[in-house]
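Protein chains in written order, with the working numbering: chain S, 750 to 984; chain H, 13 to 197.
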């Protein structure tokens, strides 16, 4: 079984062989669970585009948390020419999914800095933890968002904060933390089959939800000196 | 216990399924090693078994115990030699109830009804196999059989069938194999 996939892909990203320019181009989508034919098309689409720095999947690698499902996605994503980063979704947390994700992809909360942008990937599947008040982990997030090495911040997680599966008690501190962080640009989510981007909390943070692989949708996000451009593509 | 064994339904079961067998199986989704007891219809075409499977940590990621209820239908009994016959087609279903630390019998109340449609601990399998039997010259043992069996389950069928091209995941990835012996007495 492969391990540390996120760390390995972040190391590949840092090797500098991908899209060597001053723009960060992300192919962003979510929820590939069970839709392997669309995953195949996603991989083809990604490989046909030379400008992509990395693919970012906002959770739900699997549908049933079966080991074989994680392996199927791993096998497809290994065909990508670019690195891939996978955040954990609620469907990856049933049965023994939590352990499988940890064994294959690594920690559920992790971050990396790339071209001045800090990507803060985290588990915010509150319902799976009985709305314990600890998921998303606000103190961990706060620690990540105070980094002298980063100029801008992008968060990636599965559940959009307006969904019922997000811990209601943490919604305000979560939104306020993002909104009060200088340089915080974007919060990326999946989970809902709903393509949406909005300034949800009346601050400068754009919240974006991809309707995901099932609908054959991905969003190309370009980050250039703190500015943000995006375009939805179909495959 | 006596009351249970003299229950009319059980008497009827014994009458409908007069033959009996014990089974030992390796792999095949019922457990790493599985032992069971089954009864067969008079014509030997229907086999109804209860099996217990154990999967140690090295094979399953965690210690797993599995109770299986297995129904097999074998339409053809072909005698290939005086002491041998084969059942080239064994088809059937089995329900596996797993007992593992993260495999709940029902979803907790934090989920509204239907949030997840499947149960983590209960799998429904389809099987297809073949069996060859030998009649020993032993009055206590009626026959000794060896079988080979392929199966898949509800979640793998759901995964495979969601792919309209039937190619993006290979078919052999959703098929699991097992083999075993049945001793009829």
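Here a beta-carbon is modelled for each residue, glycine too, at the ideal position from N, C-alpha and C.
None of the values given here were measured: they were computed from a predicted structure.
Legend entry - Chain-ordered neighbours of residue 815(S) on chain H, where CB pairs are closer than 9 Å: One-based indexing of the first chain puts residue 815(S) at position 66. Under the 9 Å cutoff, chain H gives 167, 168 and 171.
Legend entry - residue 59(H), DSSP secondary structure in three states: Here residue 59(H) is taken as the residue at index 47 of the second chain, counted from 1. Strand at residue 59(H).
Inset, instruction - Indicate the three-state DSSP secondary structure (helix, strand or coil) for residue 13(H) in the structure shown. - result: Counted from its first residue, the second chain places residue 13(H) at position 1. Residue placement at residue 13(H) is poorly supported in this model, since its pLDDT is 48, which falls under 50; the coordinates are not used for a value here.
Legend entry - Simplified DSSP assignment, three categories, for residue 758(S): Within the first chain, numbered from 1, the residue matching residue 758(S) stands at position 9. Note: residue 758(S) maps to helix in three-state DSSP.
Inset, instruction - List the residues that DSSP assigns as beta-bridge partners of residue 940(S). - result: Indexing the first chain from 1 puts residue 940(S) at position 191. Looking at the DSSP assignment, residue 940(S) forms no beta bridge with any residue, so it has no partner.
Inset, instruction - Can you tell me which of 916(S), 941(S), 802(S) and 955(S) puts its alpha carbon nearest to the alpha carbon of residue 903(S)? - result: Position 154 of the first chain holds residue 903(S). With distances taken between Cα atoms, residue 903(S) lies closest to 955(S).
Legend entry - Length of the line joining the Cα atoms of residue 968(S) and residue 979(S): Numbered from 1 along the first chain, position 219 holds the residue referred to as residue 968(S). Numbered from 1 along the first chain, position 230 holds the residue referred to as residue 979(S). C-alpha separation (whole angstroms): 7 Å.
Inset, instruction - Compare the beta carbon distance of residue 853(S) and residue 972(S) with 7 Å and say whether it is the shorter of the two. - result: On the first chain, position 104 is the one that residue 853(S) refers to. On the first chain, position 223 is the one that residue 972(S) refers to. No, Cβ-Cβ distance for residue 853(S) and residue 972(S) is not below 7 Å.
Inset, instruction - List the residues of chain H whose Cβ lies closer than 8 Å to the Cβ of residue 785(S), in chain order. - result: Numbered from 1 along the first chain, position 36 holds the residue referred to as residue 785(S). Those are 171, 174, 175, 180 and 181, listed as they occur along chain H.
Legend entry - Per DSSP, cross-strand counterpart(s) of residue 964(S): Reading the first chain from its first residue, position 215 is the one you call residue 964(S). Looking at the DSSP assignment, residue 964(S) forms no beta bridge with any residue, so it has no partner.
Inset, instruction - Please look up how many angstroms separate the CB atoms of residue 918(S) and residue 882(S), rounded, as I've assumed it's under 8 Å. - result: Here residue 918(S) refers to the residue found at position 169 of the first chain. Here residue 882(S) refers to the residue found at position 133 of the first chain. Indeed they touch by this definition, with Cβ atoms about 6 Å apart.
Legend entry - Pairwise C-alpha distance: residue 28(H) and residue 849(S): Counted from its first residue, the first chain places residue 849(S) at position 100. Counted from its first residue, the second chain places residue 28(H) at position 16. The alpha-carbon atoms of residue 849(S) and residue 28(H) are separated by roughly 46 Å.
Inset, instruction - Spatial neighbours of residue 859(S) within its chain, please: CB distance less than 7 Å, with the 5 preceding and 5 following residues excluded, ordered by chain position. - result: As a working note, residue 859(S) is residue 110 in the first chain. Excluding sequence neighbours, residue 859(S) sits near 755 and 870.
Inset, instruction - Quick one: grab the DSSP three-state call for residue 927(S). - result: Translated into the one-based positions of the first chain, residue 927(S) becomes position 178. Helix, per DSSP.
Legend entry - Contact list for residue 876(S) against chain H, beta-carbon separation under 8 Å: One-based indexing of the first chain puts residue 876(S) at position 127. Under the 8 Å cutoff, chain H gives 122 and 123.
Legend entry - Any C-beta of chain S under 7 Å from that of residue 114(H): Here residue 114(H) corresponds to residue number 102 of the second chain, with the count starting at 1. Residue 114(H) counts as touching chain S.
Inset, instruction - Identify the contact partners of residue 185(H) in chain S, using a Cβ-Cβ distance below 9 Å as the criterion. - result: Indexing the second chain from 1 puts residue 185(H) at position 173. Within 9 Å Cβ-Cβ: 817, 820 and 821.
Inset, instruction - Using three-state DSSP, classify residue 875(S) as helix, strand or coil. - result: Counting from 1 along the first chain, the entry for residue 875(S) is found at position 126. Helix at residue 875(S).
Legend entry - C-alpha gap between residue 61(H) and residue 51(H), whole angstroms: Against the second chain, residue 61(H) aligns to sequence position 49. Against the second chain, residue 51(H) aligns to sequence position 39. Rounded to the nearest angstrom, the two C-alpha atoms are 6 Å apart.
Legend entry - Alpha-carbon to alpha-carbon, residue 171(H) and residue 101(H): Position 89 of the second chain, counting from 1, holds the residue named residue 101(H). Position 159 of the second chain, counting from 1, holds the residue named residue 171(H). Looking at the two C-alpha atoms, the distance is approximately 26 Å.
Legend entry - Interface residues of the segment 77 to 103 of chain H facing chain S [CB-CB below 9 Å]: none
Inset, instruction - Kindly provide the ranges of any beta strand (DSSP E) runs that are 3 or more residues long and lie completely inside the segment 60 to 117 of chain H, ordered along the chain. - result: 76 to 85, 90 to 93 and 96 to 111
Inset, instruction - Report yes if the C-beta distance between residue 33(H) and residue 196(H) is below 7 Å; otherwise report no. - result: Walking along the second chain from the start, residue 33(H) turns up at place 21. Walking along the second chain from the start, residue 196(H) turns up at place 184. Yes, they are a contact pair.
Inset, instruction - Would you mind reading off the limits of the beta strand (DSSP E) that contains residue 196(H)? - result: As a working note, residue 196(H) is residue 184 in the second chain. Start and end: 188 to 196.
Inset, instruction - Compare the C-beta of residue 132(H) with all C-beta atoms of chain S and state if any pair is closer than 7 Å. - result: For this step, residue 132(H) is matched to residue 120 along the second chain. Chain S contact via Cβ: present.
Inset, instruction - Show which residues of chain S have a CB atom less than 7 Å away from the CB atom of residue 128(H). - result: Looking up residue 128(H) in the second chain gives position 116. In chain order: 843.
Inset, instruction - Please go through the same chain and pick out, in chain order, the residues whose beta-carbon is closer than 7 Å to the beta-carbon of residue 795(S), but skip the five residues on each side of it. - result: Counting from one through the first chain, the residue named residue 795(S) turns up at place 46. The answer, listed in chain order, is 776, 801, 804, 829 and 831.
Legend entry - CB contact flag (residue 104(H), residue 83(H), <7 Å): Within the second chain, numbered from 1, the residue matching residue 104(H) stands at position 92. Within the second chain, numbered from 1, the residue matching residue 83(H) stands at position 71. Taking 7 Å as the Cβ cut-off, residue 104(H) and residue 83(H) qualify as a contacting pair.
Inset, instruction - Say whether the segment 804 to 814 of chain S touches the segment 837 to 848 of chain S, bearing in mind that this needs 3 or more beta-carbon pairs closer than 8 Å, one atom from each stretch. - result: yes
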